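Beneath this line is the structure, given in structure tokens, with notes to follow.
Number of protein chains: 2
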Amino acid sequence: MKYIEKLRNSGLRPTKQRLQICEVLFDRDKTFHFTINELERKIKKQTDSKISLATVYNTVHAFEKKGYLKQIPINSSETYFDTNVTDHHHFYDLKEEKLIDLENSDVGPINILKKINGKKIKSVEVLVKLED
Amino acid sequence: MKYIEKLRNSGLRPTKQRLQICEVLFDRDKTFHFTINELERKIKKQTDSKISLATVYNTVHAFEKKGYLKQIPINSSETYFDTNVTDHHHFYDLKEEKLIDLENSDVGPINILKKINGKKIKSVEVLVKLED
DNA sequence: TGGTAGTTTATAATGATTCTAAAAAAGTGT
DNA sequence: ACACTTTTTTAGAATCATTATAAACTACCA
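Protein chains in written order, with my numbering: chain A, 1 to 132; chain B, 133 to 264.
Structure representation (structure tokens):
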């Protein structure tokens, strides 16, 4: 399994559940935007085994802490995560309630002119809301 | 009262509760970032009367729909609102969990090069996360 | 193989938000 | 001011995402 090393290197034991979640999350061409509940449904569909909801939460948070997933800042009742952990941005289609990646190269350079005393910029994220 | 007309013009009856909430929200120099619970505490402090939590929710949502408040897209357990409804952006101080306004003029022009078929851009919001 | 630290799990607890339905207040016409 | 309709407020219940708990299980290492 290609994910066993990845997990071990992060100090996470490669359990059956984590490996299954890795497959659902990372065996993809395109990046994947999801909520915990969408992920749980996908796991049920792709694998026969059932993974406890608590484990899905635990694993997603563990992967986020290790930098394999990113939260997407957006107002929604459920938290959205992204398998694309590079610096990039998002469209949010308000009607369809769908997220679309917006690569850094598709946004002109962003220059933050205001400085805050004693603070460093950790990230700059752009959310572009779309309507019809 | 200066808010009576504003409410009536929006089709909202100027009730005692709404007028009190207007005062807490809008009688300010600087813009105000808040969660429902922070607002409720502020109402309790500034006015002697107690406004039901449900009313605070109703009112904030009514004001948002009328365009007097904006939700701030950010991942937090509570929803943040902003009395500054002009196009602008935010710093988010991760340690202090505080929002700071970032005016449009403090951000270089943002040029979204990617176009989505049949969709118009409604808003462009930047969230700049700060660390020490 | 045994021990221990890390994981999974079902379930309970929490906390923000929304719903409900009855009481109160505001608006309208007389 | 009065009767009537509509909107609003309210306390409390319901909902829903997320987190906590603590017991059973599993991976790892000596």
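Every residue, glycine too, gets a C-beta built ideally from N, C-alpha and C. All values derive from a computational prediction rather than experimental measurement.
Original post:
If you follow the beta strand (DSSP E) that Y212/B is part of, which residue opens it and which one closes it?
Top reply: Y212 to D214
Subject >> Continuous alpha helix (DSSP H) stretch holding L39/A: start and end >> reply: I36 to Q46
**OP:** Below 8 Å on the Cβ atoms is my guess for V126/A versus I168/B; work out the distance and round it to an integer in Å.
**Re:** Contact doesn't hold; Cβ gap of about 26 Å is too wide.
Subject >> Nearest to D233/B (by Cα), restricted to the options A186/B, T191/B, T218/B and L245/B >> reply: T218/B
**OP:** Using beta-carbon positions only, say whether E214/B and K119/A come within less than 8 Å of one another.
**Re:** The residue you asked about is not Glu; residue 214/B is Asp in the sequence shown. No, they are not a contact pair.
**OP:** Quick one: grab the DSSP three-state call for L7/A.
**Re:** In this structure, L7/A counts as helix in the three-state DSSP scheme.
Subject >> Cβ separation of K129/A and K254/B, assumed to be a contact under 8 Å, to the nearest whole Å >> reply: 4 Å
Original post:
For C154/B, which residues from the same chain have a beta carbon less than 7 Å from its beta carbon, with the 5 sequence-adjacent residues on both sides left out?
Top reply: Y135
Original post:
Would you say G143/B reaches chain A, if we count a Cβ-Cβ gap shorter than 8 Å as a contact?
Top reply: Residue-level contact check: G143/B does not touch chain A, since none of the beta carbons of chain A fall below 8 Å from its beta carbon.
Original post:
Short check: CB of I47/A to CB of R18/A, under 8 Å?
Top reply: Per the sequence presented here, residue 47/A reads as Thr, with Ile not at that position. No, Cβ-Cβ distance for T47/A and R18/A is not below 8 Å.
Original post:
What did DSSP end up calling V60/A once you bin it into helix, strand or coil?
Top reply: V60/A falls in the helix class under three-state DSSP.
**OP:** Under 9 Å between beta-carbons, which chain B residues line up against F91/A? List them in chain order, please.
**Re:** I244, K246, I248, K251 and I253
Original post:
Does the separation of the CB atoms of L99/A and Y68/A fall below 8 Å?
Top reply: no
**OP:** For I100/A, return the contacting residues in chain B, with the cut-off set at a CB-CB distance below 7 Å.
**Re:** I248
Original post:
Which of the residues in the region 69 to 86 of chain A, read from start to end, lie with their CB under 7 Å from any CB of chain B?
Top reply: Q71, P73, I74, N75 and T79
**OP:** Starting from F158/B, trace the alpha helix (DSSP H) both ways and give me its first and last residue.
**Re:** Its alpha helix (DSSP H) spans residues K148 to F158.
Original post:
V24/A CB to nearest chain B CB: under 8 Å?
Top reply: No, because no Cβ of chain B sits closer than 8 Å to the Cβ of V24/A.
Original post:
Assuming K174/B and V188/B make a contact with CB atoms under 8 Å, what is their CB distance in whole Å?
Top reply: Contact doesn't hold; Cβ gap of about 10 Å is too wide.
Original post:
Residues in the region 36 to 50 of chain A with C-beta within 7 Å of chain B's C-beta atoms, listed in sequence order?
Top reply: none
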